[in-house]
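Let me begin by presenting the structure, written as structure tokens, before commenting on it.
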Amino acid sequence: MASQLHSTSKPTYTLAEGCPQQDPASSFSINKPGGGGLLLLQDTQLIETLAHFARERIPERVVHAKAAGAFGEFEVTHDITDITSAAFLSEIGKKTPFLVRISTVGPERGSADTVRDVRGWAMKLFTEEGNQDWVFNDIPVFFVRDPIKFPSVNRSHKRHPQTNLTDSTMFWDFHNNNQEGIHALMCLFSDRGTPASLRNIDAFSGHTYKFTKKDGSFHYVKIHFKTDQGIKNFTEAEATKIAGENPDHNVQDLFENIAKGNFPSWTAYVQTMTAEEAEKYRWNIFDMTKVWPHKDHPLRLFGKLTFNRNPQNYFSDIEQAAFSPSTMVPGIEPSADPMLQARMFSYPDAARYRLGVNYQMLPTNCPIGPVYSPMQRDGFANFRGNYGSDPNYVRSSFRSMTYAAGKASHDEWAGKTAAYSSEVVDDDFVQATALWKVLGTQPGQQGNFVSNVAGLLGSAIPEVQEKTIEMFSRVDAELGKLIAEAL
Ligand code: NDP
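Residue numbers are given in full-length UniProt numbering: position 199 of the sequence shown equals residue 199, and the series is strictly consecutive.
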């Protein structure tokens, strides 16, 4: 392993208050001849060492707990200034440093990382206009489109409240009764659900965003990062074997490749759509269970991402990192996708709980440019100047500020989401069927899909199995039959 174990510098050991201390390998005690002895409460070094250890763990992320992280560089390779005024996208050749964290979703921090799951892809681009977070997944769609179901879908993929075991009956029961997730299930149970490494996955915004210009014009967009290493997957059997042999396989693979200078890269594309097109489009563009087929909206190339540096300290660089879809620079805006709107609240809220209200001050989250946010004051662990004597209320006469230009107003097309409902209709199966057909063009992939589903479904109770077979029969009658036979 290429981590740095030795350093030539020889610092003087102190406690956190900076006072030099004795060798930290022994406690201060009244020794008795022959060993043993009474410890003294005055041994601050011992007390501090034990007390700090008891508090070393911070809350694990409720989802996306197990991860690898890296630093890298984003480069604009093709002009897109006709659709966005974001400064970091303003000219070909412009480079922006970023931090990235790639995770499994359901399992805990110590779990195996080759298991079947979605991979989260969270990145923070440190731009001159502040941070731009892109919090993506390695599949282009999601299991639900109404955010009120977000805790439920995740719980159904985690542990049963009584047995503390992952539970296939619970997993399939959720999806049988919330079938808008069928398209995401098709992605998850293909071999892309068990990637051979984090270098061999794509990443997708999933949500529709807006790229905007200063003149008020905008386009709806979906962003895609395609791996330059090619897609490579494990079969279910390989992923299971490796999970037992090395539960950190994917973390290790990424760290070691970066340490060797074998820097992985991705090509960045955007799909674009005007508001007029969106209104007439075959698909609701605010429904996160749908893609925009490439033939309707081809991929437009705009950049390259390269991972080129490992974290120096996992906790400080990666565990303390906090990402949110609400962190956007001028030139990028949210759409009326209800899942995106809800994530914009819940990601910062999760960070406030996990890291404290001043989590943006942690070095790993800090923007590279100046921050002046005097309406966010005080709070736990406020370790900057807290804006000194500056006014802490708006419209003060005593210190004026300059502001960003107000966002140009533009017509917002809200689609039909005002009357949003989770009702599942036949249309929800059309893109799932398209993916089943795509798998049919790849040797062995339909067969693997069937056995991947049957593998998990086999341990569900019979009533649930029947409903799941019915659900997959709506994708393709033959697929339902094949799963039933495999069971
Ligand atoms: P195309 O028919 O033009 O291309 C097929 C797409 O499917 C490619 O993007 C391919 O990715 C991707 N793909 C291949 N195998 C899998 C898999 N096991 N899991 C997920 N994606 C896979 O695509 P269309 O746009 O016409 O859409 C057809 C279907 O492809 C969709 O219903 C959707 O399920 C899937 N898809 C579409 C995407 C989109 O944004 N339009 C994005 C990803 C998937 P690659 O090029 O890397 O091989």
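From the three backbone atoms N, C-alpha and C, an ideal C-beta is built for every residue, glycine too.
**Study point:** Through-space distance from residue 380 to residue 24, alpha-carbon basis
**Key:** 29 Å
Review point. Helix, strand or coil: how does DSSP classify residue 418 here?
Key: With a pLDDT of only 46 at residue 418, under 50, the local geometry of the prediction cannot be trusted, and the value read off the model is given with reservation. Three-state DSSP puts residue 418 in a helix.
Practice item. Using the Cα positions of residue 66 and residue 113, report the straight-line distance between them to the nearest angstrom. Key: 7 Å
Check your understanding: What residues in its chain sit with their C-beta under 7 Å from that of residue 458, if we drop five residues either side in the sequence?
Key -> 487
Exercise for review: Give the straight-line distance between the Cα atoms of residue 61 and residue 343, rounded to the nearest whole angstrom.
Suggested key: 15 Å
**Study point:** Residues of its chain near residue 456, where Cβ-Cβ distance is below 6 Å and the 5 sequence neighbours each way are ignored
**Key:** 168
Exercise for review: Determine the closest residue to residue 96 out of 126, 82, 303, 180, with distance taken between C-alpha atoms.
Suggested key: 126
Review point. Quick one: what's got a C-beta closer than 8 Å to residue 142's C-beta in the same chain, skipping five residues either side?
Key: 181, 184, 206, 288, 289, 339
Point to revise | For residue 112, the first and last residue of its enclosing alpha helix (DSSP H) | key: It is not in any alpha helix (DSSP H) - residue 112 carries neither H nor E in the DSSP assignment.
Review point. Opposite residue 494 in the DSSP bridges: which residues?
Key: The structure shown has nothing for residue 494, since the chain only spans 1 to 487.
Review point. Name the DSSP beta bridge partners of residue 14, please?
Key: 20
Review point. With respect to the alpha helix (DSSP H) encompassing residue 352, which residues constitute its N-terminal and C-terminal limits?
Key: 338-355
Exercise for review: Put residue 451 into one of helix, strand or coil per three-state DSSP.
Suggested key: helix
Exercise for review: Would you tell me roughly how many angstroms separate the C-alpha atoms of residue 2 and residue 104, rounded to the nearest one?
Suggested key: Legend: pLDDT at residue 2 = 48, less than 50; position of this residue unreliable, value from coordinates given subsequently. Each residue's Cα considered, the two are about 23 Å apart.
Point to revise | Any non-hydrogen atom of the ligand NDP within 6 Å of residue 366 CB | key: no
Practice item. Run the CB neighbour count on residue 418, radius 10 Å, all protein chains shown included, and call it buried at 16 or more, exposed below. Key: Any reading at residue 418 needs caution, since the residue's pLDDT is 46, under 50, leaving its predicted position unreliable; the model's value is listed next. It counts as exposed.
Review point. Between the segment 265-277 and the segment 148-165, are three or more C-beta pairs nearer than 8 Å?
Key: no
Practice item. Pick helix, strand or coil for residue 71, following the three-state DSSP scheme. Key: strand
Review point. Based on Cα-Cα distance, which residue from 357, 121, 34 lies nearest to residue 99?
Key: 121
Review point. Hey, how far is the Cα of residue 18 from the Cα of residue 52?
Key: 16 Å
Practice item. Look at residue 129 and residue 394 and say whether their C-beta atoms are less than 7 Å apart. Key: no
Check your understanding: If you follow the alpha helix (DSSP H) that residue 383 is part of, which residue opens it and which one closes it?
Key -> From DSSP, residue 383 is part of no alpha helix (DSSP H); its letter is neither H nor E.
Review point. So what does residue 333 bridge to, in DSSP terms?
Key: 210
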